[in-house]
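Sequence lines, in order, name chains X and Z. Residue 239 is where the first sequence ends in the UniProt record's numbering, and the numbering goes up by one at each step. Residue 239 is where the second sequence ends in the UniProt record's numbering, and the numbering goes up by one at each step. By construction, the Cβ of each residue, glycine as well, lies at the ideal position given by its N, Cα and C atoms. See below for the structure under consideration.
2 protein chains.
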Amino acid sequence: MAHPFLRKLRFGARLTPEDEAVLTSIIEPARPVRQREDVAEEGVQPNALPLIVDGWACRYSTLANGQRQIISLFIPGDLCEPFGMLPRFMDHSVATLTPVLMSPVRVERLKSAVISSPRIDEALWWDLLVSTAIDREHLVSLGRRTATERLGHLFCELHLRLDMVGLVEGMSYEMPITQADLGDLLGLSMVHVNRSLQELRRTGLMSLRGRRLTINNLDGLRELSYFDEGYLHPEGANG
Amino acid sequence: MAHPFLRKLRFGARLTPEDEAVLTSIIEPARPVRQREDVAEEGVQPNALPLIVDGWACRYSTLANGQRQIISLFIPGDLCEPFGMLPRFMDHSVATLTPVLMSPVRVERLKSAVISSPRIDEALWWDLLVSTAIDREHLVSLGRRTATERLGHLFCELHLRLDMVGLVEGMSYEMPITQADLGDLLGLSMVHVNRSLQELRRTGLMSLRGRRLTINNLDGLRELSYFDEGYLHPEGANG
DNA sequence: CGGTTGCTTGAGATCCATCAATAGGAGTGG
DNA sequence: CCACTCCTATTGATGGATCTCAAGCAACCG
Numbered sequence: 001m002a003h004p005f006l007r008k009l010r011f012g013a014r015l016t017p018e019d020e021a022v023l024t025s026i027i028e029p030a031r032p033v034r035q036r037e038d039v040a041e042e043g044v045q046p047n048a049l050p051l052i053v054d055g056w057a058c059r060y061s062t063l064a065n066g067q068r069q070i071i072s073l074f075i076p077g078d079l080c081e082p083f084g085m086l087p088r089f090m091d092h093s094v095a096t097l098t099p100v101l102m103s104p105v106r107v108e109r110l111k112s113a114v115i116s117s118p119r120i121d122e123a124l125w126w127d128l129l130v131s132t133a134i135d136r137e138h139l140v141s142l143g144r145r146t147a148t149e150r151l152g153h154l155f156c157e158l159h160l161r162l163d164m165v166g167l168v169e170g171m172s173y174e175m176p177i178t179q180a181d182l183g184d185l186l187g188l189s190m191v192h193v194n195r196s197l198q199e200l201r202r203t204g205l206m207s208l209r210g211r212r213l214t215i216n217n218l219d220g221l222r223e224l225s226y227f228d229e230g231y232l233h234p235e236g237a238n239g
Numbered sequence: 001m002a003h004p005f006l007r008k009l010r011f012g013a014r015l016t017p018e019d020e021a022v023l024t025s026i027i028e029p030a031r032p033v034r035q036r037e038d039v040a041e042e043g044v045q046p047n048a049l050p051l052i053v054d055g056w057a058c059r060y061s062t063l064a065n066g067q068r069q070i071i072s073l074f075i076p077g078d079l080c081e082p083f084g085m086l087p088r089f090m091d092h093s094v095a096t097l098t099p100v101l102m103s104p105v106r107v108e109r110l111k112s113a114v115i116s117s118p119r120i121d122e123a124l125w126w127d128l129l130v131s132t133a134i135d136r137e138h139l140v141s142l143g144r145r146t147a148t149e150r151l152g153h154l155f156c157e158l159h160l161r162l163d164m165v166g167l168v169e170g171m172s173y174e175m176p177i178t179q180a181d182l183g184d185l186l187g188l189s190m191v192h193v194n195r196s197l198q199e200l201r202r203t204g205l206m207s208l209r210g211r212r213l214t215i216n217n218l219d220g221l222r223e224l225s226y227f228d229e230g231y232l233h234p235e236g237a238n239g
């Protein structure tokens with residue numbers, strides 16, 4: 001099975017076999033990172049971007065009063081520094097939520113890949129723009145959706161994102177993070193996440209047993225949470 | 001007085017007089033846009049980015065139930081499409097909040113300016129990265145700050161952003177948007193914005209009479225709202 | 001003036017947080 | 001295999017934060 005990074009980028013541009021070979025060659029061997037560990041940039045390599053191969057991670061911010069807010073959620077195939085190719089300043093921390101396999105991607109090799117192929121260039125810009133669109137939709141959730149709507153919207157989004165990298169089986173997928181993490185992601189308390197999940201289960205639209213999430217009624221869940229897949233651009237940058 | 005766009009970019013790189021001349025030359029004459037009007041990209045020009053010269057605008061999203069969430073707030077000197085130089089898809093609408101003077105900036109002229117000077121390149125990347133940092137901090141506010149904290153944080157941020165473009169006099173500045181707009185920006189109801197503003201006034205940290213906001217105790221307001229100016233990088237990309 | 005827009009206030013309901021306690025499961029060491 | 005601990009999920013009770021509905025007021029503007 002193809003690398004999740006490749007699988008995802010195929011949605012952003014029509015990559016040729018040569019493009020895929022180039023991309024594959026710049027992904028260095030993955031190394032394990034333990035659960036709940038900060039991924040300092042140097043922890044990987046200087047001038048290298050952490051690419052998730054397996055497991056989930058996040059970018060987060062901590063307020064002076066100790067509250068945590070997860071800003072972005074990263075799943076397999078995601079670059080944890082989508083702006084990595086740009087001059088950048090490290091504003092926020094990146095941490096794993098589960099055990100993670102992570103490959104360092106060297107910036108200079110990524111840059112030469114971009115120069116070598118306009119399709120790779122297109123695919124990486126598509127990835128960056130989709131990442132920022134996800135963050136914006138996240139912001140809309142925090143501002144205007146109720147707890148159950150936030151959860152429903154997240155699960156609809158994850159259904160599409162995980163499907164792009166081949167991690168959906170039928171209508172179900174692994175959801176390996178804790179309810180406390182969901183709270184930090186969605187701006188809710190852990191207790192309220194728990195109760196809202198129960199309410200979602202009661203509607204019958206979805207179920208969550210153990211770490212496996214199953215969507216029983218996709219259209220219903222989308223309607224409940226005002227989900228419109230457009231922002232994920234699964235049809236590519238030119239679609 | 002220099003153009004607000006120039007004033008701001010000076011914080012991002014050490015522009016030479018030649019750089020500034022190049023930048024000035026690509027800013028086309030400003031045209032007025034009425035209050036509360038959508039700024040369709042074509043409304044300005046194809047392949048041109050709306051640059052705010054005077055007045056405030058925003059990017060927003062509307063949910064299926066009619067609720068509005070403002071995603072980004074734009075003040076003089078801001079490009080309403082910070083990703084403008086990239087291939088992009090129009091996800092969200094841009095609208096004016098006040099009467100606005102807006103200059104179209106042609107993408108191809110911006111690109112050649114970037115190529116002509118590494119300092120212009122640096123300044124524009126700095127601007128883009130600060131814009132996204134602002135959006136992230138906004139997300140943190142919606143997720144984890146109370147109503148008064150959100151307002152206080154916003155006013156601290158605006159104090160710095162407006163100061164960069166010369167729109168702060170002493171400790172006060174014009175705050176020309178309505179309380180309903182503040183609600184849509186901060187994920188609150190108009191009524192609650194009103195009451196939270198009163199509470200902030202009661203603390204004496206700031207006051208808001210008419211459309212003029214005055215900060216009486218900057219450190220106090222920052223502490224109240226967990227404001228850390230770092231994300232705005234007023235010292236430049238290399239600071 | 002009369003209409004519109006924005007601001008303010010009151011009352012009541014709802015959503016969500018906090019505090020506290022319990023239960024289950026996974027790992028760990030004896 | 002058992003006792004222990006830690007982590008996660010769950011439940012109840014209560015209070016606080018915020019929303020909604022409704023009304024009144026002030027400023028501005030044609």
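Assignment of Y226 of chain X by DSSP, reduced to helix, strand and coil, places it in the coil class. With contact defined as three or more Cβ pairs closer than 8 Å, the region 172-181 of chain X and the region 217-225 of chain X are not in contact. A40 of chain Z has a beta carbon lying at 8 Å or more from every beta carbon in chain X. In the DSSP secondary-structure assignment, T96 of chain X is bridged to X:A57. Under a criterion of Cβ atoms nearer than 8 Å, the residues of chain Z adjacent to D91 of chain X are, in order, A133, R136, G230, Y231. For V114 of chain X, there are no C-beta contacts with chain Z under 8 Å, since the nearest C-beta of that chain is about 12 Å from it.
In this structure, the beta-carbon distance from I52 of chain Z to D78 of chain Z falls below 8 Å. Taking 8 Å as the CB threshold, V107 of chain X stays off the interface with chain Z. Listed along chain X, no residue sits closer than 9 Å to N194 of chain Z by beta-carbon distance, the nearest being about 18 Å off. Secondary structure of D78 of chain Z (DSSP, three-state): coil.
For the region 104-150 of chain Z, the full-length alpha helix (DSSP H) segments reaching 4 residues or more read 107-116, 118-144 along the chain. Between Y173 of chain X and L162 of chain X, the beta carbon gap of about 5 Å places them in contact (Cβ cut-off 8 Å). Counting C-beta atoms within 10 angstroms of its own C-beta, P17 of chain Z has fewer than 16 neighbours from the protein chains shown and is therefore classed as exposed. Contact between the region 67-83 of chain X and the region 136-145 of chain Z is present, with at least three C-beta pairs closer than 8 Å.
Apart from the 5 residues on each side of it in sequence, V165 of chain Z sits with its Cβ closer than 6 Å to the Cβ of P4, R7, K8, P76, G77 in its chain, given in chain order.
Cα atoms of E28 of chain X and P104 of chain X: separation of roughly 6 Å, rounded to the nearest angstrom. With fewer than 16 other beta carbons inside 10 angstroms of its own, R14 of chain X counts as exposed. Residue contact with chain Z for G187 of chain X: present (Cβ-Cβ distance below 8 Å to some residue of chain Z). Taking CB atoms only, G12 of chain Z has no neighbour in chain X less than 8 Å away. In the displayed model, Q179 of chain Z falls within a helix according to three-state DSSP. Under DSSP, E174 of chain Z forms a beta bridge with Z:R212.
Three or more beta-carbon pairs separated by less than 8 Å are not found between the region 192-211 of chain Z and the region 121-135 of chain Z, which leaves the two stretches without contact.
The beta carbon of S61 of chain Z falls within 8 Å of a beta carbon belonging to chain X, placing the residue at that interface. For V22 of chain X, the enclosing alpha helix (DSSP H) stretches over residues 17-26.
Bridge pairing for E169 of chain X: X:S172 [DSSP]. Distance from the Cα of L49 of chain X is smallest, within the candidate group X:V94, X:E157, X:H192, X:L139, for X:V94. Nearest neighbour of V100 of chain X by Cα position, chosen from X:K111, X:C80, X:A64, X:P118, turns out to be X:C80. The Cβ atoms of I215 of chain Z and H153 of chain Z lie no closer than 8 Å to each other.
Taking the Cα positions, N217 of chain Z is about 8 Å away from G204 of chain Z. Taking CB atoms only, R161 of chain X has no neighbour in chain Z less than 8 Å away.
C-alpha of L110 of chain Z to C-alpha of I26 of chain Z: approximately 7 Å in a straight line.
Considering only beta carbons, the part of the region 62-79 of chain X lying closer than 9 Å to chain Z consists of L63, A64, N65, Q67, R68, Q69, I70, I71, S72, in chain order. The beta carbon of L124 of chain X sits closer than 8 Å to those of L9, G12, M85, L110, V114, all from its chain and outside the five residues before and after it, given in chain order. Under DSSP, L101 of chain Z shares a beta bridge with Z:P32, Z:D54. In the structure shown, D219 of chain Z falls within a helical segment according to DSSP collapsed to helix, strand and coil.
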